[in-house]
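Just below is one structure, and these are the notes that go with it.
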Amino acid sequence: MLLNNFSKFILEAGTDEAGRGCLAGPVTAAAVILPHDFENMILNDSKQLSEKTRAKLRPIIENLSVSFAVTHLHSKEIDEINILNASMKGMQECVLKLNKTPEFIIVDGNRLLNAKLGLKSTFGKQFSKTEIEFLKSIPNQSIVKGDSKYLSIAAASVLAKTYRDDYMNLIHEEFPMYNWKKNKGYPTKEHREAIRKYGVTKYHRLTFRLLPDKDLFDL
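Quick note on the numbering used here: the sequence shown kicks off at 2 and runs consecutively.
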(Lines of atoms letter the chains of each structure in order from A; the text may use other names.)
(Lines give C-alpha, C1' and ligand atoms only; values in the text may rest on other atoms or scores of the structure.)
Protein backbone atom coordinates (compact mmCIF):
# COMPACT_ATOMS: atom_id res chain seq x y z
CA MET A 2 0.00 0.00 0.00
CA LEU A 3 1.28 3.45 -0.90
CA LEU A 4 2.19 5.94 1.82
CA ASN A 5 0.22 9.11 2.55
CA ASN A 6 3.04 11.40 3.42
CA PHE A 7 6.80 11.89 3.28
CA SER A 8 7.41 15.09 5.23
CA LYS A 9 4.66 14.96 7.89
CA PHE A 10 3.46 18.41 6.78
CA ILE A 11 -0.30 18.53 6.26
CA LEU A 12 -0.19 20.29 2.88
CA GLU A 13 2.25 18.11 0.99
CA ALA A 14 2.04 18.17 -2.82
CA GLY A 15 3.09 15.32 -5.08
CA THR A 16 4.27 16.07 -8.62
CA ASP A 17 4.84 13.95 -11.70
CA GLU A 18 4.78 14.10 -15.50
CA ALA A 19 3.75 11.97 -18.49
CA GLY A 20 4.96 11.81 -22.07
CA ARG A 21 8.64 12.42 -21.54
CA GLY A 22 9.70 9.71 -24.00
CA CYS A 23 7.24 10.54 -26.77
CA LEU A 24 8.09 11.70 -30.28
CA ALA A 25 5.03 13.94 -30.54
CA GLY A 26 2.70 15.87 -28.32
CA PRO A 27 3.27 17.67 -25.03
CA VAL A 28 4.92 16.59 -21.86
CA THR A 29 2.14 16.91 -19.30
CA ALA A 30 2.73 17.61 -15.63
CA ALA A 31 0.48 17.49 -12.59
CA ALA A 32 0.63 18.45 -8.93
CA VAL A 33 -1.76 17.13 -6.30
CA ILE A 34 -2.32 17.87 -2.61
CA LEU A 35 -4.33 15.07 -1.04
CA PRO A 36 -6.05 15.12 2.35
CA HIS A 37 -3.73 13.92 5.09
CA ASP A 38 -6.01 10.92 5.72
CA PHE A 39 -6.64 10.04 2.06
CA GLU A 40 -6.97 6.31 1.38
CA ASN A 41 -7.33 4.36 -1.85
CA MET A 42 -6.31 0.74 -2.30
CA ILE A 43 -6.28 0.93 -6.12
CA LEU A 44 -4.23 4.06 -6.69
CA ASN A 45 -0.73 3.35 -7.96
CA ASP A 46 1.81 4.50 -10.52
CA SER A 47 -0.28 5.24 -13.62
CA LYS A 48 1.92 2.94 -15.73
CA GLN A 49 0.78 0.02 -13.57
CA LEU A 50 -2.92 0.77 -14.08
CA SER A 51 -5.22 0.04 -16.99
CA GLU A 52 -6.75 2.88 -18.99
CA LYS A 53 -10.14 2.00 -17.51
CA THR A 54 -8.81 2.16 -13.95
CA ARG A 55 -7.08 5.48 -14.57
CA ALA A 56 -10.34 6.88 -15.92
CA LYS A 57 -12.17 5.78 -12.76
CA LEU A 58 -9.51 7.25 -10.47
CA ARG A 59 -9.30 10.66 -12.11
CA PRO A 60 -12.64 12.07 -10.81
CA ILE A 61 -11.95 10.56 -7.38
CA ILE A 62 -8.61 12.36 -7.24
CA GLU A 63 -10.07 15.61 -8.52
CA ASN A 64 -13.08 15.56 -6.20
CA LEU A 65 -11.23 14.54 -3.03
CA SER A 66 -7.97 16.45 -3.44
CA VAL A 67 -7.28 19.60 -1.47
CA SER A 68 -5.96 21.09 -4.70
CA PHE A 69 -4.68 19.88 -8.06
CA ALA A 70 -3.26 21.39 -11.25
CA VAL A 71 -2.27 20.11 -14.69
CA THR A 72 -0.27 21.76 -17.46
CA HIS A 73 0.99 20.88 -20.95
CA LEU A 74 4.38 21.97 -22.29
CA HIS A 75 4.32 21.68 -26.05
CA SER A 76 6.83 20.46 -28.62
CA LYS A 77 8.35 23.85 -29.51
CA GLU A 78 9.19 24.56 -25.89
CA ILE A 79 10.50 21.02 -25.41
CA ASP A 80 12.78 21.48 -28.44
CA GLU A 81 14.03 24.81 -27.10
CA ILE A 82 14.79 23.96 -23.46
CA ASN A 83 15.08 20.13 -23.73
CA ILE A 84 12.75 17.48 -22.36
CA LEU A 85 14.26 17.25 -18.87
CA ASN A 86 13.95 20.98 -18.29
CA ALA A 87 10.48 21.00 -19.84
CA SER A 88 9.34 18.20 -17.53
CA MET A 89 10.59 20.08 -14.47
CA LYS A 90 9.18 23.41 -15.68
CA GLY A 91 5.79 21.76 -16.17
CA MET A 92 5.75 20.57 -12.57
CA GLN A 93 6.87 24.00 -11.37
CA GLU A 94 4.02 25.62 -13.30
CA CYS A 95 1.58 23.20 -11.68
CA VAL A 96 2.74 24.18 -8.20
CA LEU A 97 2.13 27.83 -9.09
CA LYS A 98 -1.40 26.95 -10.23
CA LEU A 99 -2.40 25.23 -6.98
CA ASN A 100 -5.00 27.20 -5.03
CA LYS A 101 -3.41 26.08 -1.75
CA THR A 102 0.24 26.77 -0.98
CA PRO A 103 2.02 23.48 -0.29
CA GLU A 104 4.21 23.31 2.79
CA PHE A 105 6.36 20.61 1.19
CA ILE A 106 6.65 19.06 -2.28
CA ILE A 107 7.66 15.55 -3.26
CA VAL A 108 8.83 15.02 -6.83
CA ASP A 109 8.99 11.80 -8.81
CA GLY A 110 12.54 11.20 -10.01
CA ASN A 111 16.02 12.24 -8.90
CA ARG A 112 15.93 16.00 -9.43
CA LEU A 113 14.69 18.62 -6.97
CA LEU A 114 11.75 20.71 -8.16
CA ASN A 115 13.62 24.00 -7.70
CA ALA A 116 16.93 22.76 -9.13
CA LYS A 117 16.62 25.07 -12.15
CA LEU A 118 14.18 27.97 -12.19
CA GLY A 119 13.36 30.84 -14.50
CA LEU A 120 14.57 29.35 -17.78
CA LYS A 121 14.15 31.87 -20.57
CA SER A 122 12.40 30.53 -23.65
CA THR A 123 10.59 31.85 -26.69
CA PHE A 124 7.58 29.69 -26.01
CA GLY A 125 5.50 29.08 -22.92
CA LYS A 126 5.26 30.73 -19.54
CA GLN A 127 7.94 33.11 -18.30
CA PHE A 128 8.41 33.03 -14.52
CA SER A 129 8.45 36.31 -12.65
CA LYS A 130 10.99 36.99 -9.91
CA THR A 131 8.20 36.64 -7.36
CA GLU A 132 7.23 33.23 -8.71
CA ILE A 133 10.84 32.07 -8.69
CA GLU A 134 11.31 33.16 -5.09
CA PHE A 135 8.02 31.46 -4.16
CA LEU A 136 9.15 28.16 -5.69
CA LYS A 137 12.54 28.46 -3.98
CA SER A 138 10.84 28.95 -0.62
CA ILE A 139 9.05 25.59 -0.57
CA PRO A 140 11.12 22.66 0.70
CA ASN A 141 11.02 19.65 -1.60
CA GLN A 142 12.41 16.17 -2.02
CA SER A 143 12.94 14.06 -5.12
CA ILE A 144 12.02 10.40 -4.76
CA VAL A 145 13.10 7.78 -7.28
CA LYS A 146 10.04 5.73 -8.30
CA GLY A 147 7.99 7.98 -6.04
CA ASP A 148 4.86 7.24 -8.07
CA SER A 149 4.91 3.69 -6.73
CA LYS A 150 5.63 4.79 -3.13
CA TYR A 151 3.48 7.85 -2.30
CA LEU A 152 -0.20 8.45 -2.96
CA SER A 153 0.11 12.10 -3.97
CA ILE A 154 2.77 11.37 -6.61
CA ALA A 155 0.72 8.44 -7.88
CA ALA A 156 -2.33 10.73 -8.07
CA ALA A 157 -0.29 13.27 -10.02
CA SER A 158 0.88 10.55 -12.39
CA VAL A 159 -2.74 9.51 -13.06
CA LEU A 160 -3.83 13.08 -13.79
CA ALA A 161 -0.82 13.77 -16.00
CA LYS A 162 -1.36 10.56 -17.96
CA THR A 163 -5.12 10.94 -18.43
CA TYR A 164 -4.98 14.62 -19.39
CA ARG A 165 -2.18 13.92 -21.85
CA ASP A 166 -4.08 10.98 -23.35
CA ASP A 167 -7.11 13.23 -23.82
CA TYR A 168 -4.93 15.76 -25.62
CA MET A 169 -3.44 13.10 -27.91
CA ASN A 170 -6.93 11.79 -28.70
CA LEU A 171 -7.91 15.33 -29.69
CA ILE A 172 -4.99 15.96 -32.05
CA HIS A 173 -5.44 12.45 -33.47
CA GLU A 174 -8.53 13.85 -35.19
CA GLU A 175 -6.31 16.43 -36.94
CA PHE A 176 -3.66 13.90 -38.01
CA PRO A 177 -5.29 10.44 -37.91
CA MET A 178 -2.58 8.84 -40.05
CA TYR A 179 -0.21 8.72 -37.05
CA ASN A 180 -2.79 6.88 -34.89
CA TRP A 181 -1.99 8.93 -31.80
CA LYS A 182 -5.28 7.74 -30.34
CA LYS A 183 -3.56 4.39 -29.86
CA ASN A 184 0.17 5.07 -29.56
CA LYS A 185 -0.15 8.48 -27.80
CA GLY A 186 2.94 9.73 -29.61
CA TYR A 187 5.35 7.10 -28.25
CA PRO A 188 8.06 5.73 -30.57
CA THR A 189 6.17 2.64 -31.72
CA LYS A 190 6.94 0.95 -35.02
CA GLU A 191 3.57 2.15 -36.33
CA HIS A 192 4.27 5.75 -35.39
CA ARG A 193 7.73 5.73 -36.96
CA GLU A 194 6.38 4.17 -40.15
CA ALA A 195 3.82 6.99 -40.35
CA ILE A 196 6.57 9.59 -39.86
CA ARG A 197 8.57 7.95 -42.66
CA LYS A 198 5.55 8.00 -44.95
CA TYR A 199 3.93 11.36 -44.12
CA GLY A 200 6.77 13.40 -42.58
CA VAL A 201 6.52 15.48 -39.42
CA THR A 202 3.77 17.71 -38.03
CA LYS A 203 3.71 20.78 -35.80
CA TYR A 204 3.25 18.40 -32.86
CA HIS A 205 6.47 16.41 -33.40
CA ARG A 206 9.55 17.07 -31.30
CA LEU A 207 12.19 17.90 -33.87
CA THR A 208 15.12 17.49 -31.46
CA PHE A 209 14.15 13.87 -30.86
CA ARG A 210 15.38 10.96 -32.95
CA LEU A 211 12.19 10.50 -34.92
CA LEU A 212 13.68 7.92 -37.29
CA PRO A 213 16.96 6.01 -37.54
CA ASP A 214 19.69 8.31 -38.84
CA LYS A 215 19.72 6.81 -42.33
CA ASP A 216 16.06 7.77 -42.78
CA LEU A 217 16.20 11.34 -41.50
CA PHE A 218 16.89 12.87 -44.93
CA ASP A 219 13.44 11.77 -46.05
CA LEU A 220 11.63 13.99 -43.50
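Each residue gets a CB set at the ideal place from its N, CA and C atoms; glycine is no exception.
Just so you know, these numbers come straight off a predicted model, no measurement behind them.
> In whole angstroms, what is the alpha-carbon distance linking E81 and S68?
Replying inline: 30 Å
>> Using a 10 Å radius around the Cβ and a threshold of 16 neighbouring Cβ atoms, would you call V145 buried or exposed?
In response: exposed
>> Quick check on A116: does DSSP put it in helix, strand or coil?
In response: coil
> Who does H173 pair with in a DSSP beta bridge?
Replying inline: Paired residues: none, contrary to the question.
> Terminal residues of the continuous beta strand (DSSP E) containing D17?
Replying inline: E13 to A19
>> Here's a check: name, in chain order, each residue in its chain whose Cβ is nearer than 6 Å to the Cβ of I43, leaving out the five neighbours to either side.
In response: none
>> For A87, tell me which candidate among K185, Y199 and A19 has the shortest Cα-Cα distance.
In response: A19
> Out of curiosity, what's the CA-to-CA distance linking M2 and D46?
Replying inline: 12 Å
> In the DSSP assignment, what are the bridge partners of H73?
Replying inline: T29
> Smallest Cα separation from I11: which of R112, E104, K198 and K137?
Replying inline: E104
> For Q142, which residues from the same chain have a beta carbon less than 8 Å from its beta carbon, with the 5 sequence-adjacent residues on both sides left out?
Replying inline: F7, S8, F105, I106, I107, V108 and L113
>> Whole angstroms are fine: how far does the CA of Q93 sit from the CA of F135?
In response: 10 Å
>> At 3 residues or longer, what runs of the beta strand (DSSP E) sit wholly inside the region 125-201?
In response: 141-144
> Is the Cβ-Cβ distance between K203 and S122 less than 9 Å?
Replying inline: no
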